[in-house]
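Below: one structure, written as structure tokens.
2 protein chains.
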Amino acid sequence: MPNLEKTETVRDKAQEARPLDAFDRRILGELAQDAGLSYAELGSRAGLSAPAVHERVKRLRATGRIRGTVAVLDGPATGKPFLAFVHVDSTGWGKTQELLALAELPEVEEIHSVAGDTCMLLKVRCASSRALEGLLARLYALPSVKATRSYVVLSTFLERTPQAEITEALEEKRNPLDIATG
Amino acid sequence: MPNLEKTETVRDKAQEARPLDAFDRRILGELAQDAGLSYAELGSRAGLSAPAVHERVKRLRATGRIRGTVAVLDGPATGKPFLAFVHVDSTGWGKTQELLALAELPEVEEIHSVAGDTCMLLKVRCASSRALEGLLARLYALPSVKATRSYVVLSTFLERTPQAEITEALEEKRNPLDIATG
DNA sequence: TTGAAGAAAGGAATCTCATTCGGAGCAATT
DNA sequence: AATTGCTCCGAATGAGATTCCTTTCTTCAA
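Top line first, the protein sequences correspond to chains A and B. In this note's numbering, each residue carries its 1-based index in the first sequence increased by 14. In this note's numbering, each residue carries its 1-based index in the second sequence increased by 14.
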């Protein structure tokens, strides 16, 4: 199993602005799916030797492409079968600091500020609907929180961390201004 | 680095319905944060020996508490700086099968069916707003998709995988019917 | 065109750590 | 009190991460 954590030394100087090549993409793709692969196995899949892959992974970590390696826990199996997304409408601006205090709760998995008909968006996973209620109570205790809308998840069909691949076709849509040049 | 992947043999028979004890919680908590810890380090933090921790991790995997081990990629650093949540209103029921085809796209990270004023909720990370537009185009190409609302993420303050800890206090809220006895 | 320099890959050696094995402690059951 | 089952620990083993060194390829300059 590759040690994605402890290796600090990179043979050459840290280069930030190097575009990912096909090897890097492949390595990232595999590791995003299963970080437990050995460097040898990873190398054989990418067409490189183990030391070469090792070198690249070190660089991918050093340049921030890989943020870390984590065990993915199963919510229901670990006592938190209740998943919900909570939209928060708050008054004022820069009051988000208050919401950040919620990051202390292990039930809160994501906090984003968004554009749209709401200010903040939370992803929350907790033990029960009662726990969600308790969390909403804490939310409303904040002075700046005006309203919330909760979307309780009924079924999860897909849930994964960021993937390495990019679908080029999504950007191939022609610019409306280019219609004339068709 | 613990190999959370390849070990198959568990010394005793697989037991499904064993409640997590304090050791398990601690181990899960550490691994959810950093799966690159050695068993020795993990053991010293949990107050167990390396083989004991190893045994428990095997069981946690075998019983589905740990779903896997992955490298967490950085969206912007890997070419996908654009994050959005998309609410999908669709006609009919059981038409979700169509949406599941979107799981093929690496840009789609989550697909949930939810209760609330919308049917499905997608988490999407892509290269640009144009790519999001391309993805919405694919959405509207589906016969059952009636409308969508997109929440484009401006800032992400917290984003992590399911955590092991549970905040007991959230469930301590007294039942409204118990007010008289309060 | 040739030479030099830098970057990266592969092979082999080393060394850390995952993994296994056997035995001991402890609790529950009979 | 004895037995059974479970989980722990310590030591031994082996796999694989990590390092070192050499070679190759590319790039830039003369």
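The beta carbon of each residue, even a glycine, is placed where N, CA and C say it ideally should be.
Q: May I ask you to verify whether the segment 124 to 143 of chain A touches the segment 82 to 95 of chain A, counting CB pairs closer than 8 Å and requiring at least 3?
A: yes
Q: Would you list, in chain order, the members of the segment 38 to 58 of chain A that have their beta-carbon closer than 8 Å to a beta-carbon of chain B?
A: Leu42, Leu45, Ala46, Gln47, Asp48, Ala49, Gly50 and Leu51
Q: Give the straight-line distance between the Cα atoms of B/Arg39 and B/Leu74, rounded to the nearest whole angstrom.
A: Straight across, the Cα-Cα distance linking B/Arg39 with B/Leu74 is about 10 Å.
Q | chain B within 9 Å of A/Tyr154, Cβ atoms only | A | no
Q) When you compare each of A/Thr83, A/Leu114, A/Thr175 and A/Gly57 to A/Lys156 by their alpha carbons, which one comes out closest? A) As written in the sequence, residue 156 of chain A is Leu, which differs from the Lys given in the question. A/Leu156 has its Cα closest to that of A/Leu114, out of A/Thr83, A/Leu114, A/Thr175 and A/Gly57.
Q. Quick one: is B/Lys160 buried, meaning 16 or more other Cβ sit within 10 Å of its Cβ, or exposed?
A. exposed
(Q) Could you compute how far the alpha carbon of B/Tyr165 sits from the alpha carbon of A/Ala98? (A) 16 Å
Q: Have a look at A/Thr175, A/Glu186, A/Ala64 and A/Glu185 and flag the residue whose alpha-carbon is nearest the alpha-carbon of B/Arg81.
A: A/Thr175
Q.
Among the candidates A/Ala76, A/Gly89, A/Thr105 and A/Gly106, whose CA atom is the shortest distance from the CA of B/Leu87?
A. A/Ala76
Q) According to DSSP, is A/Leu62 helix, strand or coil? A) coil
Q: State the Cα-Cα distance for the pair A/Val167 and A/Pro65, rounded to the nearest angstrom.
A: 44 Å
Q. Can you list the residues of chain A that B/Ala141 reaches, using a CB-CB cut of under 9 Å?
A. Ile180, Thr181, Glu182, Leu184 and Glu185
Q.
With the cut-off set at 9 Å, would you say A/Pro120 and B/Ala60 are in Cβ contact?
A. no
Q. Looking at B/Lys137 and B/Val84, is the spacing between their C-beta atoms short of 9 Å?
A. no
Q: Measuring only between beta-carbons, confirm whether A/Gln177 sits less than 9 Å from chain B.
A: yes
Q: Note the first and the last residue of the continuous alpha helix (DSSP H) segment covering B/Ile180.
A: Run containing B/Ile180: none; DSSP gives neither H nor E here.
Q: Please classify A/Lys160: does DSSP put it in a helix, a strand, or coil?
A: Strand, per DSSP.
**Q.** Coil, strand or helix - A/Arg81 by DSSP
**A.** strand
Q.
Under 9 Å, Cβ to Cβ, is there at least one residue of chain B near A/Ala117?
A. yes
Q | Run of the beta strand (DSSP E) containing A/Ala46, from where it starts to where it stops | A | Element bounds for A/Ala46: not the beta strand (DSSP E) but the alpha helix (DSSP H), Ala36 to Gln47.
Q: Would you mind stating whether B/Arg163 and A/Asp35 have Cβ atoms separated by less than 9 Å?
A: no
Q.
Check for me: the beta strand (DSSP E) holding A/Ser127 runs from which residue to which?
A. Val122 to Ala129
Q. To the nearest whole angstrom, what separates the beta carbons of B/Leu56 and B/Glu44, a pair I think is in contact under 8 Å?
A. 6 Å
Q.
Bridge partners for A/His101 per DSSP, in chain order?
A. A/Leu135 and A/Arg163
(Q) Quick check: the Cα distance between B/Tyr53 and A/Gly50, rounded to an integer number of angstroms? (A) 14 Å
Q) Can you give the Cα-Cα distance for B/Gly196 and A/Thr105, rounded to whole angstroms? A) With a pLDDT of only 40 at B/Gly196, under the threshold of 50, the placement of this residue in the model should not be trusted; the figure read from the coordinates follows. Taking the straight line from one Cα to the other gives about 34 Å.
(Q) Is the separation between the beta-carbon of B/Ser7 and that of A/Phe171 shorter than 9 Å? (A) One cannot answer for residue 7 of chain B here, as it falls past the ends of chain B, which runs 15 to 196.
Q | Given A/Glu147 as reference, the closest of B/Glu186, B/Pro33 and B/Leu42 once Cα atoms are compared | A | The shortest C-alpha separation from A/Glu147 is found at B/Glu186.
Q. So, is the C-beta of A/Thr162 closer than 9 Å to a C-beta in chain B?
A. No, no contact with chain B.
Q: Return the residue from the list A/Ala183, A/Ser158, A/Arg70 and A/Glu123 that minimises the CA-CA distance to B/Ala46.
A: Checking every option, the nearest Cα to that of B/Ala46 belongs to A/Glu123.
Q) A/His126 versus chain B: which residues are under 9 Å apart at the beta carbon? A) Annotation: Cβ neighbours of A/His126 in chain B (cutoff 9 Å, chain order): Leu97, Phe99, Tyr165, Val167, Leu168, Ser169, Thr170, Phe171, Leu172 and Glu173.
**Q.** Which of helix, strand or coil DSSP assigns to A/Leu143
**A.** As written in the sequence, residue 143 of chain A is Ser, which differs from the Leu given in the question. Three-state DSSP puts A/Ser143 in a helix.
**Q.** Strand pairing of B/Phe171, partner residues [DSSP]
**A.** In the DSSP assignment, B/Phe171 forms no beta bridge with any residue.
Q.
Counting only Cβ pairs nearer than 8 Å, list the residues of chain A close to B/Lys94.
A. Pro176 and Ile180
Q. In this structure, does DSSP put B/Leu87 in helix, strand or coil?
A. strand
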